[in-house]
Ligand code: TDX
């Protein structure tokens with residue numbers, strides 16, 4: 565067994581941050597397994613391509629035979645599974661890809677990993693980990709009070725979160741039934757460099773830069789707990805390396821904001837860095853639009869388990885992380901154009917107008 569870690573979805577937002585963190589701070593060779601959908605893009609991992617400990621395998625996790633080949637070839641010590649369809653609005657418009665990739669894809673990986681694990685000697689078996697990276701959305705919606713813990717009941721609201729809940733359950737079952745050494749994590753809303761431009765943060769930035777209306781779904785009072793992506797990447801590697809087998813860990817930024825507060829924060833930074841031509845505050849671009857169907861009111865994470873057991877805490881504050889993120893997008897508009905290339909025109913997604921897939 566080698567000092568090799570598989571990272572699925574490392575051409576995407578969080579996966580690429582994990583790959584960068586492993587390459588910068590650890591000794592492992594990183595094999596990025598990514599089929600490059602619209603949200604996974606070569607432009608996101610370009611700087612890593614020439615790294616001596618980085619390998620890119622363009623493989624779809626729905627392709628079991630290809631996965632078997634990768635396990636046999638690279639003999640990894642762990643797999644961090646981040647490849648997923650992740651956008652709630654897209655899951656409302658077309659749930660099929662979410663079922664195929666997030667559920668069937670995870671099942672394929674579990675079986676390929678189990679077959680590989682069964683062929684390892686005892687020492688290598690004790691080192692091996694299957695880390696499933698998931699979301700706090702599996703727990704559904706909170707009211708104004710309370711926090712999600714690892715024991716919160718699963719109550720997913722969207723096709724996306726239901727598919728992630730299903731994959732969480734599969735991973736847990738492969739531990740209980742087959743003894744596959746798994747760890748799981750459920751995180752809050754990530755933000756930072758390389759986030760695909762359909763998510764709230766980059767939407768706000770790109771709308772402001774174009775002087776277009778900033779679409780705020782419904783009242784804008786929905787609350788999310790914002791976690792800087794590099795803090796998350798650090799947490800994930802810590803969980804993979806030191807988390808207890810069969811256990812799940814919640815990862816959150818301890819930075820709750822409602823959507824209007826997020827828009828206000830980003831607009832204030834842009835007022836300073838890119839003031840509008842007529843001097844008007846960017847906030848005037850806010851437009852309340854029809855709410856997302858099944859829109860969860862509030863997510864908030866109790867991250868005390870990972871803090872107390874593994875010693876992880878977020879380092880970035882909401883203010884410092886937001887500023888870094890806005891600055892990164894201002895400096896990387898070329899990346900935005902390259903990843904968009906015809907796949908997303910900035911229009912509204914996820915209105916559930918009655919079409920079925
Ligand atoms: O244009 C927008 N206007 C708006 O008001 C968009 C894109 C979003 N919103 C709202 C909806 C949510 O309340 O902002 C909030 C954040 O929306 P998203 O960026 O779509 O994230 P969310 O639905 O909260 O899910 C995210 O966090 C959990 C990720 O996309 C998931 O993959 C992750 O599991």
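In the numbering used here, the protein residues as written are 565 to 921. Ideal Cβ placement from N, Cα and C applies to all residues, glycine included. Treat the numbers as computed from the prediction; the structure is a model and nothing was measured.
Return the first residue and the last residue of the alpha helix (DSSP H) that residue i is part of.
i	result
residue 680	670-682
residue 766	764-774
residue 748	It is not in any alpha helix (DSSP H) - residue 748 instead sits in the beta strand (DSSP E) that spans 746-751.
residue 650	Neither: residue 650 is in no alpha helix (DSSP H) and is coded neither H nor E.
residue 736	723-742
residue 873	868-874
residue 894	882-895
Assuming residue i is part of the beta strand (DSSP E), what are its boundary residues?
i	result
residue 698	693-699
residue 601	Element bounds for residue 601: n/a, residue is neither H nor E.
residue 789	787-792
residue 821	820-822
residue 645	642-645
Is it the case that the CB of residue i approaches a heavy atom of the ligand TDX more closely than 6 Å?
i	result
residue 781	yes
residue 764	yes
residue 822	no
residue 701	yes
residue 788	yes
residue 753	yes
residue 812	no
residue 749	no
residue 767	yes
residue 580	no
residue 652	yes
Does the Cβ of residue i have 16 or more other Cβ atoms within 10 Å, making it buried, or fewer, making it exposed?
i	result
residue 845	exposed
residue 853	exposed
residue 699	buried
residue 922	The structure shown does not extend to residue 922, since the chain spans only 565 to 921, so no value can be given for it.
residue 665	buried
residue 759	buried
residue 775	exposed
residue 836	exposed
residue 868	exposed
residue 748	buried
residue 566	exposed
residue 843	exposed
residue 800	buried
residue 717	exposed
residue 611	exposed
residue 592	buried
residue 640	buried
residue 741	exposed
residue 687	exposed
residue 883	exposed
residue 605	buried
With 7 Å set as the bound, which would you pick, yes or no: does the beta-carbon of residue i sit closer than that to a beta-carbon of chain D?
i	result
residue 885	Chain labels in this structure do not include chain D; a single protein chain is all it has.
Please find out if some non-hydrogen atom of the ligand ATP comes closer than 6 Å to the beta-carbon of residue i.
i	result
residue 669	For the ligand ATP, the structure offers nothing, since it holds only the ligand TDX.
Subject >> Secondary structure, alpha helix (DSSP H): runs of 4+ residues fully inside the segment 779-864 >> reply: 793-806 and 823-837
Subject >> Start-end ranges of the beta strand (DSSP E) lying completely within the segment 569-639, minimum 3 residues >> reply: 593-597 and 618-621
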